[in-house]
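One structure is given below, encoded as structure tokens.
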Amino acid sequence: MSEQSKSDNSQDFSDPMKETKVNAEVAGQMGFDHLKFLGSGSFASVSLVKKKTPTASHPVVMKRVSLESNSEIEFDIHRSLSVEKHPHIIRMFSWTECDPYAVMLLEFANNNDLREHIEKGVKYVHDKWVCHRDLKPENLLVSNGKLKIGDFGLACTYKNESGPFKVLPGYGTEETFSPENFGQTPVDGPPLDIWAMGIVLVDMCCNDIPWDTAQRSDPEFDGFCRDPRWSCDAFERIEKEKDPRIMCLVRKMLLIDVSKRVTMDKILEDEWFQNDGAQRAKPQIHVPVQVAQKRKTYEEKFMEEVMASPAKRTRGHKDVCMCCQ
Numbered sequence: 001m002s003e004q005s006k007s008d009n010s011q012d013f014s015d016p017m018k019e020t021k022v023n024a025e026v027a028g029q030m031g032f033d034h035l036k037f038l039g040s041g042s043f044a045s046v047s048l049v050k051k052k053t054p055t056a057s058h059p060v061v062m063k064r065v066s067l068e069s070n071s072e073i074e075f076d077i078h079r080s081l082s083v084e085k086h087p088h089i090i091r092m093f094s095w096t097e098c099d100p101y102a103v104m105l106l107e108f109a110n111n112n113d114l115r116e117h118i119e120k121g122v123k124y125v126h127d128k129w130v131c132h133r134d135l136k137p138e139n140l141l142v143s144n145g146k147l148k149i150g151d152f153g154l155a156c157t158y159k160n161e162s163g164p165f166k167v168l169p170g171y172g173t174e175e176t177f178s179p180e181n182f183g184q185t186p187v188d189g190p191p192l193d194i195w196a197m198g199i200v201l202v203d204m205c206c207n208d209i210p211w212d213t214a215q216r217s218d219p220e221f222d223g224f225c226r227d228p229r230w231s232c233d234a235f236e237r238i239e240k241e242k243d244p245r246i247m248c249l250v251r252k253m254l255l256i257d258v259s260k261r262v263t264m265d266k267i268l269e270d271e272w273f274q275n276d277g278a279q280r281a282k283p284q285i286h287v288p289v290q291v292a293q294k295r296k297t298y299e300e301k302f303m304e305e306v307m308a309s310p311a312k313r314t315r316g317h318k319d320v321c322m323c324c325q
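Everything in the sequence shown is counted per UniProt numbering, starting at 1 for the first residue and increasing by one.
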């Protein structure tokens, strides 16, 4: 998928060999072993690392970005979402400076697959006055049977004590852009995520998306705009092979009129989500009580280990992200 952003503060992270070497050097400076290079995008390079201590048993994700980027904004937002340890949010453990980079240490989701839980995760994000702005399959990971939302690099707040406010358009990944996100005027934040969730839900059901871009220049999307009953292979497969109720929900999520697009609360009240969808989403995990009481959690162990790393920066959560000022 092609990513779009209006930031000019990007750095070249495109060479895998170079990024592997740099990540290994940075990990070493922070007291971690570099286990595996996971990939890079327009604004960051990511590796799997592990603390250099005999007691360290779990790897974590190291995300390296340029100090010239808006990394502190991502830290502010991701940190605020990590405090309550929501089961469907990738946790951030720390943010440090390792000049000329900023480095984030994140929870490692051990299964790159899609499941349910996205609705509850996004509802939690929106309830914290944040919109993600880049929901896509690559940012939805599964750990121990639970879907977790990650990569808040393009997230921003859309509300403060005075009420909701508009956010700038044009951030995210084009295939999951809503139509209004291609415009030039500020837009409502949560509906951007609702539209992206609709595209992700289609992709999750049939490994396909209905159009390449939500612009009238795209023949498929143009047909969708002209006829509310328009269909395509992906839609028909969901109707026939999955559940017609899923397709009914998808159409509500992909309403072009933002004022009519379904809200997160209404999605959670939807018949499919309340019945089949929600029931399938419940992971069957059985942990003996006596074991759970005696053993520390992975997060507790890691937080003890990470205290030996460079001091974490703790800054207040901004009401408006830099890109939306």
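Even for Gly, the Cβ is constructed at its ideal location relative to N, Cα and C.
Remember, it's a predicted structure, so these values are computed and weren't measured experimentally.
For residue i, I'd like the list of residues in its chain whose CB is within less than 7 Å of its CB, leaving aside the five on either flank, ordered along the chain.
i       : result
Ala-234 : Val-202, Cys-206, Asp-208, Ile-209, Pro-210
Pro-59  : Leu-35, Leu-48, Val-49, Lys-50, Phe-108
Val-320 : With a pLDDT of 36 at Val-320, under the threshold of 50, the predicted position of this residue should be treated as unreliable, though the coordinate-derived value follows. Result list for Val-320: Thr-157, in chain order.
Val-65  : Phe-43, Ala-44, Ser-71, Tyr-101, Ala-102
Val-258 : Glu-180, Asp-188, Pro-191
Which residues in the same chain have their Cβ closer than 8 Å to the Cβ of residue i, if we skip the five residues on either side of it in sequence?
i       : result
Glu-271 : Arg-245
Val-250 : Gly-198, Leu-201, Val-202, Phe-235, Ile-238
Leu-67  : Glu-97, Asp-99, Pro-100, Tyr-101, Ala-102
Gln-215 : Pro-179, Phe-182, Phe-221
Leu-38  : Val-46, Ser-47, Leu-48, Val-61
Lys-266 : Lys-252
Can you tell me the Cα-Cα spacing of residue i and residue j, whole angstroms?
i       : j       : result
Asp-33  : Lys-52  : 6 Å
Pro-179 : Lys-252 : 15 Å
Met-204 : Ala-196 : 12 Å
Asp-151 : Asn-139 : 6 Å
Phe-224 : Arg-261 : 15 Å
Met-247 : Cys-232 : 12 Å
Lys-22  : Pro-54  : Note on residue identity: the sequence assigns Val, not Lys, to residue 22. For Val-22 and Pro-54, the distance between alpha carbons rounds to 24 Å.
Lys-242 : Leu-255 : 21 Å
Glu-161 : Gly-189 : 16 Å
Val-26  : Lys-63  : 11 Å
Ile-77  : Lys-159 : 13 Å
Ala-155 : Gly-28  : 29 Å
Trp-95  : Tyr-124 : 22 Å
Phe-165 : Ala-24  : 41 Å
Trp-230 : Lys-128 : 35 Å
Gln-274 : Gln-184 : 37 Å
Gly-163 : Phe-93  : 30 Å
Met-104 : Lys-240 : 44 Å
Write down the C-beta distance between residue i and residue j rounded to the nearest angstrom, noting that I regard them as a contact closer than 8 Å.
i       : j       : result
Gly-153 : Phe-43  : 6 Å
Glu-175 : Leu-268 : So it is not a contact: roughly 25 Å between Cβ atoms.
His-126 : Met-30  : In fact, because the Cβ distance is near 33 Å, the residues do not count as touching under 8 Å.
Val-167 : Pro-186 : 6 Å
Asp-212 : Asp-218 : 6 Å
Ile-89  : Lys-148 : 6 Å
Mind checking if residue i is an interface residue toward chain D, Cβ cutoff 8 Å exclusive?
i      : result
Gln-29 : Here there is only one protein chain, and chain D is not present.
Can you pull the DSSP bridge partners for residue i?
i       : result
Tyr-101 : Ser-66, Cys-98
Met-92  : Leu-106
Lys-50  : Asp-33
Ser-40  : Ser-45
Pro-164 : Lys-159
Ile-149 : Ile-89, Leu-140
Val-60  : Val-49
Cys-131 : Cys-156
Val-187 : Val-167
Ordered along the chain, which non-local residues of its own chain (more than five positions away) have a Cβ less than 6 Å from that of residue i?
i       : result
Asp-193 : Val-122, Cys-131, His-132, Leu-135
Phe-177 : Ala-214
Pro-16  : none
For the ligand COA, any of its heavy atoms closer than 7 Å to the Cβ of residue i?
i      : result
Ala-27 : No copy of the ligand COA appears in this structure; indeed no ligand is present at all.
(request) Within the region 203–264, note down every full beta strand (DSSP E) run reaching 3 residues or more, in order along the chain. (result) none
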